[in-house]
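Down below is the structure, laid out as structure tokens.
2 protein chains.
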Amino acid sequence: MKKIVIVGLGLIGGSLALALKGFEDFQIIGVARRQATVDYALSHGVGDDATLDAAGAIGQADVTVLCIDPKDIVTFLAEHRADFKPGSLVTDVCGIKSAIMEAARVLPPEVDFIGCHPMAGTEFSGIEHAFAEMFRGSHLILTPREDSRQAHVALMERMARHIGCQDVVKTTPQEHDAILAYTSQMMHIIAVSVCDDPMLFTCKGFEGSSFRGCTRVAALDVPLWTQLFSLNAPALTGCLDEFIRNLQDYRDVIASGDKGKLSEKLTWSADRKRQMELPGPDLLH
Amino acid sequence: MKKIVIVGLGLIGGSLALALKGFEDFQIIGVARRQATVDYALSHGVGDDATLDAAGAIGQADVTVLCIDPKDIVTFLAEHRADFKPGSLVTDVCGIKSAIMEAARVLPPEVDFIGCHPMAGTEFSGIEHAFAEMFRGSHLILTPREDSRQAHVALMERMARHIGCQDVVKTTPQEHDAILAYTSQMMHIIAVSVCDDPMLFTCKGFEGSSFRGCTRVAALDVPLWTQLFSLNAPALTGCLDEFIRNLQDYRDVIASGDKGKLSEKLTWSADRKRQMELPGPDLLH
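Protein sequence lines, in the order shown, are assigned to chains D and Y. Take 44 as the starting number for the first sequence in our numbering and just add one per residue. Take 44 as the starting number for the second sequence in our numbering and just add one per residue.
Here's what the structure looks like:
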């Protein structure tokens, strides 16, 4: 029986182990660092099997999915470069791709690597928050190597369909990181910055879904996001500079009292949003 | 039979007319400006009855709910000051309260006025987007006059329960406007400012729920929000100044490369968010 080994059974790895169960003729094996996590996975059916033995597991894996923090991925690839099964595929799920693709160069030529980023998650972390439906309707981004095997890309696309992703988008690590600084990383900086306002605690009872929607991701995994923001600092600070300029423009028009100008600006921005059409289950909340 | 008259059958007025049906022994009557809206309300059961005759309807209303734009409320109260039924209650649903409470001073002493703001809505507008469940789990904010009748406050609280509100919060118009600048108006300025980024259209396929959650409300009702922002400009610009400072602090720490400092800041902000605990149906998207 073919094997998919998921290294790291946190929120994403755990959800992936749940979502991949029953995928073609693959057995899903989770690798964790703590016995308690292995026990939880075994008792809750997170994957088909679970172990502490990373080297042993990946040596038999046709596909290894690294669901750990960026810097742990870099360390893991270096330490285990010789342990992966020849001809196998190694992939990951993390929100930064240039640094990961760079780190994957340590792998021997007979081991393929395709960067992967499922655009899904919640503000919680840990296997106890994992759920099989996490990836339903989300985008899955792939950054294959120039010499990645087509059979491996096709396999990733079938895995994406099995876990319920809306579509698969292929791009370069550089484009991924530039765009994600805007669509994901900046959303998290916005959320934490809103929560830094002294009014946060006095506003309870006065918040609606726009406030919940904007601040939801502020309760983030600090070690993970510290790495993601730091590894993409130039792109992220560039997005923040642009955003601050756009905010300042609105702030100044509102302060000026020029309703005609304000109405014009709002019409322009609202039209852009309508042209985006981003349907999602959260649209009506 | 007692009557609740809802003036304005847009998204909120229409949803209120649907949600209030069957409330105690009240008949729900909608007032619209266009015959097409009256016809839609009658054929879709939005309320128990609908009419174009505002003066006639409010003359028989025990409760009149003004579900129109702020400046239309000001005009309506002035024009119809003598048409309201003596002893009746007039209320509204709009997102600004100081200006509305001020405008309500034109009412004769025998007509009570209680400012009301249900913290609910969607990015759509018009009666065709109205739905009875809109207010479920949302906060309802009341700004009674000092001399508002307790029976009227109690009636509003029963109406809030009937339409499914999570709770009823009483406050002053000034506090409402100061806090809503932060929890609601600023969320809308954030959303439109994010959409002003040139990267907006190239990012399609790379967005997750944090992006949808933050930008959802950018497709706003321009005339309405132009008024809301303008009527609350000092509070709103103050919030934006604070927010821009907090964003800039994060931007500078990220640019500095000081991961320890960044991790400290993120820990502080994430802890604040966790202390807030804002459960909502949107939490897991």
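Even for Gly, the Cβ is constructed at its ideal location relative to N, Cα and C. Predicted, not measured: the structure shown is a model, and the values here were computed from it.
- Query: Are there 16 or more other CB atoms within 10 angstroms of the CB of Thr165/D, so buried, or fewer, so exposed?
  - Reply: Burial check for Thr165/D: the Cβ neighbour count within 10 Å reaches 16 or more, so the residue is buried.
- Query: Taking Cβ positions, are Gln228/Y and Asn289/Y nearer each other than 8 Å?
  - Reply: no
- Item | Where Asp311/Y falls, given that 16 or more other Cβ within 10 Å makes a residue buried | A small correction: the amino acid at residue 311/Y is Trp; Asp does not occupy that position in the sequence shown. Looking at its Cβ environment, which holds fewer than 16 other Cβ atoms inside 10 Å, Trp311/Y is exposed.
- Helix, strand or coil for Thr94/D per DSSP? strand
- Just the C-alpha distance for Leu327/D and Asp126/D, rounded to the nearest angstrom, thanks. Here the model assigns Leu327/D a pLDDT of 33, short of 50, so the residue's position is not dependable and the matter cannot be decided.
- Task: Given a cut-off of 8 Å, decide if Thr226/Y and Phe249/D are closer than it, judged by their beta-carbon atoms.
- Result: Yes, these two residues count as a Cβ contact at 8 Å.
- CB contact below 8 Å: Ala261/Y versus chain D: Closer than 8 Å: yes.
- Message: By the DSSP assignment, the alpha helix (DSSP H) with Cys257/Y in it spans what residues?
- Response: Per DSSP, Cys257/Y belongs to the alpha helix (DSSP H) from Ser252 to Thr258.
- Message: List, in chain order, every chain D residue whose beta-carbon is nearer than 8 Å to that of Asp210/Y.
- Response: Gly248
- Message: Just to confirm before moving on: does the CB-CB distance between Gly251/D and Ser58/Y stay below 8 Å?
- Response: no
- Message: Does the CB of Glu200/Y have a neighbour CB from chain D at under 8 Å?
- Response: No, because no Cβ of chain D sits closer than 8 Å to the Cβ of Glu200/Y.
- From what residue to what residue does the alpha helix (DSSP H) around Val265/D run? Val265 to Leu274
- Along the region 227-243 of chain Y, what residues have a CB closer than 8 Å to any CB found in chain D? Ser227, Met229, Met230, His231, Ile232, Ile233, Ala234, Val235, Ser236, Val237, Cys238, Asp239, Asp240, Pro241, Met242 and Leu243
- Query: Quick one, are the C-beta atoms of Ala173/D and Val117/D less than 8 Å apart?
  - Reply: no
- Query: Would Phe254/Y be called buried (16 or more neighbouring beta carbons within 10 Å of its own) or exposed?
  - Reply: buried
- Task: Would you check if the distance between the CB atom of Ile143/Y and the CB atom of Pro187/Y is smaller than 8 Å?
- Result: no
- Proximal chain Y residues relative to Thr269/D, where beta-carbon distance stays under 8 Å: Against chain Y, the beta carbon of Thr269/D has neighbours under 8 Å at Lys302, Leu305, Ser306 and Leu309, listed in chain order.
- Query: Going by other Cβ atoms of all chains shown within 10 Å of its Cβ, with 16 needed for buried, is Gly303/D buried or exposed?
  - Reply: exposed
- Message: In the DSSP assignment, the alpha helix (DSSP H) including His195/D goes from what residue to what residue?
- Response: Gln193 to His205
- Applying the criterion that 16 or more other CB atoms from any shown protein chain within 10 Å of the CB defines a buried residue, is Met44/Y buried or exposed? Its Cβ having fewer than 16 others within 10 Å, Met44/Y is exposed.
- Taking all protein chains shown into account, do 16 or more other C-beta atoms lie within 10 angstroms of the C-beta of Ser141/Y, making it buried, or fewer, making it exposed? buried
- Can you have a look at Gly73/Y and say buried or exposed, based on whether 16 or more other CB atoms are within 10 angstroms of its CB? buried
- Could you tell me whether the Cβ of Leu316/D comes closer than 8 Å to any Cβ of chain Y? The sequence as given places Lys at residue 316/D; Leu does not occur at that position. Closer than 8 Å: yes.
- Message: Please tell me whether Met319/Y has its Cβ less than 8 Å away from any Cβ of chain D.
- Response: yes
- Item | Asp115/D (DSSP reduced to helix, strand or coil) | helix
- From Phe272/Y to Val133/Y, what distance separates their C-alpha atoms? 24 Å
- Item | Own chain residues within Cβ distance below 7 Å of Leu263/D, not counting five before or after | Glu166 and His231
- Query: Does the separation of the CB atoms of Phe178/D and Gly158/D fall below 8 Å?
  - Reply: At least 8 Å separates the beta-carbon of Phe178/D from that of Gly158/D.
- Thinking C-alpha only, which one of Met242/D, Tyr293/D and Gly256/D is nearest Arg315/Y? Met242/D
- Item | C-beta contact flag for Leu63/Y and Ile47/Y at 8 Å | Cβ distance < 8 Å, so Leu63/Y and Ile47/Y count as in contact.
- Task: State the DSSP-derived secondary structure class of Gln70/Y, mapped to helix, strand or coil.
- Result: In the structure shown, Gln70/Y sits in a strand (DSSP, three-state: E or B).
- Task: Anything in chain D within Cβ reach of Gly256/Y, meaning under 7 Å, just list it in chain order.
- Result: Gly256, Cys257, Arg259 and Asp325
- Give a yes or no on whether the minimum CB-CB distance between Leu223/D and chain Y is below 8 Å. yes
- When the cut-off is 8 Å and only beta carbons count, does Thr118/D lie next to chain Y? For Thr118/D, the nearest beta carbon of chain Y is not closer than 8 Å to its own beta carbon.
- Inspect the beta-carbon positions of Glu52/D and Thr80/D and report whether they are closer than 8 Å. In the sequence as displayed, the identity of residue 52/D is Leu instead of Glu. At a Cβ-Cβ threshold of 8 Å, Leu52/D and Thr80/D count as neighbours.
- Contact list for the region 142-166 of chain Y against chain D, Cβ threshold 8 Å: Met162, Ala163, Gly164, Thr165 and Glu166
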